[in-house]
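Take a look at the structure set out below.
2 protein chains.
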Amino acid sequence: MAGKNDKTGKVLTMETLNPNIKIMQYAVRGPIVARATQLEKELEKGAKKHFEKVVRANIGDCHATGQKPMTFIRQVVALCTYPDLLMKNPDFPADAKEHAKKLLAGCKGGSIGSYSASSGIDVIRKDIAAYITNRDGHPSDPEDIHLSTGASDGIKSILSLVLTGKLGKDRAGIMIPVPQYPLYTAAIAEFNAFAIPYYLDEDNHWGLDLKELKRAIDTARPECKPRAIVVINPGNPTGQVLTRENIEGIIKFAKQERLFILADEVYQHNVYAAGSKFFSFKKILMELGAGYNNMELASFMSASKGFMGECGYRGGYCEVLNLDPDVKLQYLKSISAKLCPPISGQIVIDVVVSPPKPDDPSYKLFQEEKTEVLSQLAKKAALVTKTFNSIEGVKCNEVQGAMYAFPRIFLPEKAIQAAKEKNQSPDSFYCFQLLEETGICTVPGSGFGEKPGTYHFRTTILPPLAEIEKLLKTFSEFHLKFMKQYK
Amino acid sequence: MAGKNDKTGKVLTMETLNPNIKIMQYAVRGPIVARATQLEKELEKGAKKHFEKVVRANIGDCHATGQKPMTFIRQVVALCTYPDLLMKNPDFPADAKEHAKKLLAGCKGGSIGSYSASSGIDVIRKDIAAYITNRDGHPSDPEDIHLSTGASDGIKSILSLVLTGKLGKDRAGIMIPVPQYPLYTAAIAEFNAFAIPYYLDEDNHWGLDLKELKRAIDTARPECKPRAIVVINPGNPTGQVLTRENIEGIIKFAKQERLFILADEVYQHNVYAAGSKFFSFKKILMELGAGYNNMELASFMSASKGFMGECGYRGGYCEVLNLDPDVKLQYLKSISAKLCPPISGQIVIDVVVSPPKPDDPSYKLFQEEKTEVLSQLAKKAALVTKTFNSIEGVKCNEVQGAMYAFPRIFLPEKAIQAAKEKNQSPDSFYCFQLLEETGICTVPGSGFGEKPGTYHFRTTILPPLAEIEKLLKTFSEFHLKFMKQYK
Chain P
151 MAGKNDKTGK
161 VLTMETLNPN
171 IKIMQYAVRG
181 PIVARATQLE
191 KELEKGAKKH
201 FEKVVRANIG
211 DCHATGQKPM
221 TFIRQVVALC
231 TYPDLLMKNP
241 DFPADAKEHA
251 KKLLAGCKGG
261 SIGSYSASSG
271 IDVIRKDIAA
281 YITNRDGHPS
291 DPEDIHLSTG
301 ASDGIKSILS
311 LVLTGKLGKD
321 RAGIMIPVPQ
331 YPLYTAAIAE
341 FNAFAIPYYL
351 DEDNHWGLDL
361 KELKRAIDTA
371 RPECKPRAIV
381 VINPGNPTGQ
391 VLTRENIEGI
401 IKFAKQERLF
411 ILADEVYQHN
421 VYAAGSKFFS
431 FKKILMELGA
441 GYNNMELASF
451 MSASKGFMGE
461 CGYRGGYCEV
471 LNLDPDVKLQ
481 YLKSISAKLC
491 PPISGQIVID
501 VVVSPPKPDD
511 PSYKLFQEEK
521 TEVLSQLAKK
531 AALVTKTFNS
541 IEGVKCNEVQ
551 GAMYAFPRIF
561 LPEKAIQAAK
571 EKNQSPDSFY
581 CFQLLEETGI
591 CTVPGSGFGE
601 KPGTYHFRTT
611 ILPPLAEIEK
621 LLKTFSEFHL
631 KFMKQYK
Chain X
151 MAGKNDKTGK
161 VLTMETLNPN
171 IKIMQYAVRG
181 PIVARATQLE
191 KELEKGAKKH
201 FEKVVRANIG
211 DCHATGQKPM
221 TFIRQVVALC
231 TYPDLLMKNP
241 DFPADAKEHA
251 KKLLAGCKGG
261 SIGSYSASSG
271 IDVIRKDIAA
281 YITNRDGHPS
291 DPEDIHLSTG
301 ASDGIKSILS
311 LVLTGKLGKD
321 RAGIMIPVPQ
331 YPLYTAAIAE
341 FNAFAIPYYL
351 DEDNHWGLDL
361 KELKRAIDTA
371 RPECKPRAIV
381 VINPGNPTGQ
391 VLTRENIEGI
401 IKFAKQERLF
411 ILADEVYQHN
421 VYAAGSKFFS
431 FKKILMELGA
441 GYNNMELASF
451 MSASKGFMGE
461 CGYRGGYCEV
471 LNLDPDVKLQ
481 YLKSISAKLC
491 PPISGQIVID
501 VVVSPPKPDD
511 PSYKLFQEEK
521 TEVLSQLAKK
531 AALVTKTFNS
541 IEGVKCNEVQ
551 GAMYAFPRIF
561 LPEKAIQAAK
571 EKNQSPDSFY
581 CFQLLEETGI
591 CTVPGSGFGE
601 KPGTYHFRTT
611 ILPPLAEIEK
621 LLKTFSEFHL
631 KFMKQYK
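For the protein sequence lines, the chains are P and X, in the order given.
All you need for the working numbering is the position in the first sequence, starting with 1, plus 150.
All you need for the working numbering is the position in the second sequence, starting with 1, plus 150.
Have a look at this one:
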């Protein structure tokens, strides 16, 4: 509470601000994105640049890059929003109307303007449980399903349970992959918990090496109380799809170390590579049988990713298994103060988990639209992988799933020095130059974490195929020029 | 980490669970509401009770109790949801179409399925600033407007800024009214901050007595670092509307004690009593002039209350004034990890702040619907006040605004003893009996806080007039019977 506070008369200065907010970072919307926004505004005002528009490859924002909404999803949401359409409008298919009526019957007063229960609308929780049961071949209980405001909100609610309320060495330790989706480090900073990084194995398709998990937890133990492990599968930003064996190993590790498992499975629909298959942690936990099938696990899903990409609705849910009954009551209490997740986001989730069936009028269109999105993504995943690997000084693991490539860039010593002089990480330096020269906005690997001495960036594979082709060409030219400049 | 943990094998037990979650309470969805839900399920299964249905007077959930959505709001949201309707459907009025087109132009890719900036869609921030400028007669800057997932989310984001990251006597102290809306105590518990209760003056229309503010902060100072003051106006659960003089006094107090002001103004449209008028803290701050108009203030608004009552959309915003520029950047970073508030909630907010104008085709209907809701609420506010005061052993301040009555009940000693034997607060005991006997679900005053030795409950004034009349009659009979029983 030093001089500055007194001079400005402000309650909040950089000295008095919550220190956990100060250390928190969220690279996906970090400084490079702020610069991209600035460039866009300059272009709007007629400024001359080397490029005509900024390509926002920094965030998995599907519709922003041209993906069209799924017709059936939007029809159901529109009908629930304005139920007059149920009567007045003959253009809506009968199954959309039926679906809307079923959901409205689950809303208090028949309006999506009412609050739902904090865990979500009952009929939607049942539909989600049926989807999971069908996906895994193991029963799912609607009472274990809790809707959330996007997956992020659900993740934070679960993370907050394992906190210790203590500081220093008594803080909760949360194991997170590196590279990771920066929501985790942001939440851990905000909660004043302790991040235990475990490195994914870049040389082995970003798989999890069990020895590395052991090393990570043993190293961190003097610093914190390890309580939970986060696994992102399919991987963000790394795009790998974990094998069944890998998941088994992780579950056994968590059991041995007594860790709560947080399985971030929001990309479960986004699996492209031949030979890759999504296995949920729930399924493997159940199939490992006694001794494992009573472990605490939370699995997260989102309306923002998959084939629907409805980011703006902030729909999500988690399935939370095997909580101690008293702890479960406490969890329910803790989410009750948030009242409820947005109802329209809940509706989007419902359509995703209970889409039109083969005999329904909307089935064909729904399948066509879904297949189109996913097959385009698969093409782009393959093209991006291939192109990056064809460029000197770039190496990229196969994009097996999710929506991102995370290529490694081998930067010359002179570039690393130049970055140091600008007080930037080498990959930030590289990504900022890429943005300034080409308008392509990516996120530096340092925002996700990486092994010391390695450099990466994350790009989405979302823009339409023709644009991705152009982007890769532009990128390639930039890269070669950059390498030459700093040779 | 005692025996129980070892026996169950669980990571989370009542011993290891985050202690801040354990102490957190949120009465509006507390045990009495759980019992109400149970009773509803029993009734559904054909159980015989003294009543036919549960009346949920516990929560300000407008549409759940029969209020109809505003036509124009839902038309605009439906058009944004399913833009085919812009072309195909002639039933939508031209101004709804124009409004939807304007908002879609503000969405990336023209879809409400895209993320917006974390502070919300630019054009909506501008509309909100224009609304505030017009309301107060003082300019509002769109850069100070930040949309949120309901008001609760915005409140928590601001509260998190003033935390100290420390424990014990170094915790941040937050002044809150008592009685208060329990979101505040819930958030303070979760954040491990320190609540500094100041009592509202029941004998003076629940006004704020400045001497009481001083007493409260002086008492708390050895226990915490006072950083902020929360004021709820119009009051929840207390229904008072603060006078201009009262607001001036609070601002001066905050200045003297160097406190960040959080003004919960979500009921700003809900003012009923003759002679009562809503003044925003922003307006008074500006009009107090130099020395005050640079104070830090956050004012909160919601789509859930007012005449629209769109709780399920989780729309809200705050106007945050006079942040230190560096702190503002940190605040923006802190909300960026949440990505963005739901777009459909943002749209609802936009319509509320920029409704149809006198020459627009939807103007007449919009005004009729709005006036109908607010005039009915005014009637119910007057009726509820009058009826409660006509019952022996009940005393109720005038419901000047908001959506609740918070009558004081004078309970006989025998009832207080009976409650003690059941390990309940006397007003919980009373409210549970009211629920079991009549199906009326209210919230005990102890869930909001009250002066020791006084007892209250909160009821909404939302059910339709005929239902409220019936409810008051049923209540009255219950109360007299209860008083007789425990005399």
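Where is the CB? At the ideal position from N, CA and C, for every residue including glycine.
So is Ala336(X) in contact with chain P if we call contact Cβ pairs under 8 Å?
yes
Spatially closest choice to Gly216(P) from Met633(P), Ser504(P), Tyr605(P) and Leu527(P), by CA coordinates
Leu527(P)
Would you kindly check if the distance between the Cβ of Val416(P) and the Cβ of Val391(P) is under 8 Å?
no
Mind listing the chain P neighbours of Ser575(X)? Cutoff is C-beta to C-beta under 8 Å, in chain order.
Here the premise fails: no neighbours, minimum Cβ distance about 17 Å.
Does Thr388(P) get closer than 8 Å to chain X when you measure Cβ to Cβ?
no
Measuring alpha carbon to alpha carbon, tell me which residue in Val549(P), Arg371(P) and Tyr605(P) is nearest Gln574(P).
Tyr605(P)
So, helix, strand or coil for Cys461(P), using DSSP?
helix
Distance between Ser290(X) and Glu460(X) (C-alpha atoms, nearest Å)
25 Å
Using a Cβ-Cβ distance cut-off of 8 Å, determine whether Gly153(P) contacts chain X.
Note that Gly153(P) has pLDDT 40, beneath the 50 cutoff, so the model's placement of it is unreliable and the number below is only indicative. No, its Cβ sits nowhere closer than 8 Å to a Cβ of chain X.
Residue-level contact to chain X via CB, Gln188(P), 8 Å cutoff
no
Residues bridged to Ser452(X) (per DSSP):
Gly466(X)
Within chain X, partners of Cys461(P) - CB distance below 7 Å
Gly263, Ser264 and Tyr265
Pull up the distance between the alpha-carbon of His355(P) and that of Glu548(P), whole angstroms please.
7 Å
Would you call the stretch 465 to 474 of chain X and the stretch 287 to 303 of chain X in contact, with 3 or more CB pairs under 8 Å?
yes
Per-residue contacts from Asn239(X) into chain P (C-beta, under 7 Å)
Asn239
In chain P, what lies closer than 9 Å to Asn539(X) by C-beta?
Those within 9 Å of Asn539(X) in chain P number zero; the least Cβ separation is about 30 Å.
Report the option in Gln188(X), Ile209(X), Asp294(X) and Ala207(X) whose CA atom is closest to the CA atom of Ile199(X).
Looking at the sequence provided, one finds Lys at residue 199(X) rather than Ile. Nearest option by C-alpha distance: Gln188(X).
Using the beta-carbon count (16 or more within 10 Å), is Asn342(P) buried or exposed?
buried
For the stretch 474 to 489 of chain X, enumerate the residues whose C-beta is nearer than 7 Å to any C-beta of chain P, in chain order.
Asp474, Asp476, Val477, Gln480, Lys483, Ser484, Ser486, Ala487, Lys488 and Leu489
To the nearest angstrom, report how far apart Asp510(P) and Thr521(P) are at their CA atoms.
17 Å
Are Gly551(P) and Gly263(X) close, meaning C-beta to C-beta below 8 Å?
no
Which residues, in chain order, does the stretch 395 to 414 of chain P contribute to contact with chain X at a C-beta distance below 8 Å?
Arg408, Leu409 and Phe410
Output, in chain order, the set of chain X residues within a Cβ distance shorter than 9 Å of Val312(P).
Val161, Leu162, Thr166, Leu167 and Asn168
Chain P contact residues for Ser268(X), given Cβ-Cβ distances below 8 Å:
Arg179
On the three-state DSSP scale, how would you describe Gly315(X)?
coil
Is there contact here, the stretch 323 to 335 of chain X with the stretch 355 to 373 of chain X, by at least three beta-carbon pairs under 8 Å?
yes
Quick check: what's the CA-CA separation for Tyr281(P) versus Pro506(P)?
13 Å
Hey, Phe410(X) and Arg377(X) are a contact pair by Cβ (cut 8 Å); roughly how many whole angstroms apart?
6 Å
Here's the rule: buried if 16 or more other CB atoms are within 10 angstroms of the residue's CB, otherwise exposed. What is Phe560(X)?
exposed
For the alpha helix (DSSP H) containing Gly285(X), list its first residue and its last residue.
The question names Gly, but residue 285(X) in the sequence shown is Arg. Where Arg285(X) is concerned, the enclosing alpha helix (DSSP H) stretches over Asp272 to Asp286.
Could you tell me which chain P residues have their CB closer than 8 Å to the CB of Glu446(X), listed as they occur along the chain?
Lys160, Val161 and Leu162
Between the beta-carbon of Phe457(X) and the beta-carbon of Val523(X), is there less than 8 Å?
yes
Specify the secondary structure class of Ser298(X) as computed by DSSP and reduced to three states.
strand
Distance, Cα to Cα, Lys536(P) vs Thr609(P)?
14 Å
Would Val328(X) pass as an interface residue toward chain P - the criterion being a Cβ-Cβ separation below 8 Å?
no
Quick one: is His296(P) near chain X, going by C-beta distance under 8 Å?
no
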